[in-house]
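Undergrad:
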Amino acid sequence: MTRGRLAPSPTGAQHLGNARTHLLAYWAARQAGGELVLRIDDLDSPRVKSWAVDQAIEDLRWLGIDWDGPIARQSDHLDQYEEALERLKNSADDPAYPCYCSRKEAEEARSAPHESRFRGELPPYPGTCRNFRQGDRVDDRDHCWRFRVSQRQWSVDDQVMGSITCAPAKDLGDFPITTKSGQASYQLAVVVDDCIQGVDQVVRGNDLIASTFRQLELQERLGMTPPQYAHVALVRGPDGRRLAKRHGDTRLSFYRESGVAPEQIVGWAAHSIGLIDRQEPSTAADLIHEFDWTKLDHEDSHMDPETIF
Ligand code: GLU
Numbered sequence: 037m038t039r040g041r042l043a044p045s046p047t048g049a050q051h052l053g054n055a056r057t058h059l060l061a062y063w064a065a066r067q068a069g070g071e072l073v074l075r076i077d078d079l080d081s082p083r084v085k086s087w088a089v090d091q092a093i094e095d096l097r098w099l100g101i102d103w104d105g106p107i108a109r110q111s112d113h114l115d116q117y118e119e120a121l122e123r124l125k126n127s128a129d130d131p132a133y134p135c136y137c138s139r140k141e142a143e144e145a146r147s148a149p150h151e152s153r154f155r156g157e158l159p160p161y162p163g164t165c166r167n168f169r170q171g172d173r174v175d176d177r178d179h180c181w182r183f184r185v186s187q188r189q190w191s192v193d194d195q196v197m198g199s200i201t202c203a204p205a206k207d208l209g210d211f212p213i214t215t216k217s218g219q220a221s222y223q224l225a226v227v228v229d230d231c232i233q234g235v236d237q238v239v240r241g242n243d244l245i246a247s248t249f250r251q252l253e254l255q256e257r258l259g260m261t262p263p264q265y266a267h268v269a270l271v272r273g274p275d276g277r278r279l280a281k282r283h284g285d286t287r288l289s290f291y292r293e294s295g296v297a298p299e300q301i302v303g304w305a306a307h308s309i310g311l312i313d314r315q316e317p318s319t320a321a322d323l324i325h326e327f328d329w330t331k332l333d334h335e336d337s338h339m340d341p342e343t344i345f
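Going by the working numbering, the final residue of the sequence shown carries number 345, and the count climbs one at a time with no gaps.
Below you can see the structure in the form of structure tokens.
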């Protein structure tokens, strides 16, 4: 049975763009007769805000999205992250190495002109610390752990985007799997989370496509079965930039307080991504049968939040 997931990050309020992605994850799982689990991605301290956890849950309920089983939190999975990290550190061919570069050094080293195939990606890390091994010490500096990507070429069959290829060594470079304080990075945490929760369908924004290949590399090394990925179009402001405060208040909590009905948001989400022909209020559940991968727009939507409702 399909099992999808909702994975809000409580680093701020959930906005219209998050709502559309959450609804798509819900429709995809339910239309397949599958389950949907909710996980709060609360690892990114100190950016995590405690009010945002409760608010995200309330936002999802208000939208009419329901999920199965108890709510999971990344902060409940710390032991499993540690276990995965130890496995990588102790593997014979050193898939992980300590990296002593400061953020500034890593950024400077990557400043060579490089047009990434993936929007928003920096040039690959040049491998300054690649020859370090577990136990090597470079003065007293803190270090993170970095994952040594393979030389292979990946091809992924994305539910929305079709076939996407990537050669991580050339396109992405080695990436951190912990912070300097030893906390698991997003990339490591998410593959462990999806594995623990038995998630086999990941619906998320297309800004995470490059991360998917990092996650495939980790899943392969950790012997995990990758889920089916679906990268959906994002909502952008009229200027083409990611939805943000400058485009007006698009927090779901703001709409709720202003008297906008959740059915209006649901109708807008379904219409703006191409699932229904006219923007009409609807409950989330009523649109499950309208869900169809082939109808989804691939291009990001540019819209003026002031004129949506
Ligand atoms: N928590 C992430 C977000 O809100 C999503 C992570 C993922 O889908 O892997 O953008």
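Using N, Cα and C, we set each Cβ at its ideal position, and we do this for glycine too. None of the values given here were measured: they were computed from a predicted structure.
Starting from I200, trace the beta strand (DSSP E) in both directions and tell me its first and last residue.
TA: The continuous beta strand (DSSP E) containing I200 extends over residues G198 to C202.
Undergrad: If I'm right that A49 touches S289 with Cβ under 8 Å, what's the distance once you round it to whole angstroms?
TA: 6 Å
Undergrad: Can you list, in chain order, the residues of its chain with a C-beta nearer than 7 Å to that of A246? Leave out the 5 residues immediately preceding and following it.
TA: F154, E157 and L208.
Undergrad: Can you tell me the Cβ-Cβ gap for V227 and Q251, rounded? I've got them flagged as a contact below 8 Å.
TA: 5 Å
Undergrad: Taking 7 Å as the cut-off, does the CB of R240 come closer than this to any heavy atom belonging to the ligand GLU?
TA: yes
Undergrad: Quick check on D90: does DSSP put it in helix, strand or coil?
TA: helix
Undergrad: If we count the other Cβ atoms within 10 Å of its Cβ and call it buried at 16 or more, is Q110 buried or exposed?
TA: buried
Undergrad: Using a Cβ-Cβ cutoff of less than 6 Å, which residues in the same chain neighbour I200 once the five nearest sequence positions on both sides are dropped?
TA: V192 and D194
Undergrad: Entirely within the segment 88-140 and at least 4 residues each: give me those alpha helix (DSSP H) ranges in chain order.
TA: 114-125
Undergrad: Please tell me whether, using a cut-off of 7 Å, the distance from the CB of A280 to the nearest non-hydrogen atom of the ligand GLU is below it.
TA: no
Undergrad: Three or more beta-carbon pairs under 8 Å between the segment 209-221 and the segment 117-127, yes or no?
TA: Touching, per the Cβ criterion.
Undergrad: So P14 and E299 are supposed to be a Cβ contact under 8 Å. How far apart are they, rounded?
TA: As displayed, the chain neither begins before 37 nor continues past 345, which places residue 14 out of reach and without an answer.
Undergrad: Taking only three categories from DSSP, how would you classify V73?
TA: strand
Undergrad: Counting only the same chain and skipping the five closest in sequence on each side, list residues whose C-beta sits under 7 Å from that of D236.
TA: T38, R39, P263 and Q264
Undergrad: C180 bridges to which residues according to DSSP?
TA: DSSP lists C135 as partners of C180.
Undergrad: Would you check if the distance between the CB atom of D90 and the CB atom of Y161 is smaller than 8 Å?
TA: no
Undergrad: Are at least three pairs of beta-carbons, each pair with one atom in the segment 253-272 and one in the segment 72-80, less than 8 Å apart?
TA: no
Undergrad: For the segment 92-99 against the segment 129-138, are there 3 or more C-beta pairs whose distance is under 8 Å?
TA: no
Undergrad: Which whole-angstrom value describes the C-beta separation of W87 and L42, a residue pair presumed to lie in contact below a C-beta threshold of 8 Å?
TA: In fact, because the Cβ distance is near 18 Å, the residues do not count as touching under 8 Å.
Undergrad: Rounded to whole angstroms, what is the Cα-Cα separation between V196 and T330?
TA: 8 Å
Undergrad: Do you know offhand how far Q223's Cα is from V296's?
TA: Straight-line Cα distance between these residues: approximately 36 Å.
Undergrad: Whose CA, out of S186, T214 and K206, lies closest to the CA of D178?
TA: T214
Undergrad: Taking L42 as part of the beta strand (DSSP E), name the residues at either end of that continuous run.
TA: R39 to L42
Undergrad: Does DSSP put T214 in a helix, in a strand, or in coil?
TA: DSSP places T214 in strand when its eight states are reduced to three.
Undergrad: Exposed or buried, which one is A280 when buried takes at least 16 other CB atoms within 10 Å?
TA: Label assigned to A280: exposed.
Undergrad: In the DSSP assignment, find the unbroken alpha helix (DSSP H) run with S221 in it and report its ends.
TA: Where S221 is concerned, there is no enclosing alpha helix (DSSP H), given that its DSSP letter is neither H nor E.
Undergrad: To which residues of the same chain is A203 closer than 6 Å at the C-beta, ignoring the five residues directly before and after it?
TA: Closer than 6 Å at the Cβ level, and outside the excluded window around A203, lie Q189.
Undergrad: Considering only residues of the same chain and omitting the five flanking positions on each side of W181, which have a CB-CB separation below 8 Å?
TA: L121, L124, K125, A132, Y133, P134, C135, P212, I213 and T214
Undergrad: Is S45 close to the ligand GLU? I mean its beta-carbon at under 7 Å from any heavy atom of the ligand.
TA: The answer is yes for S45.
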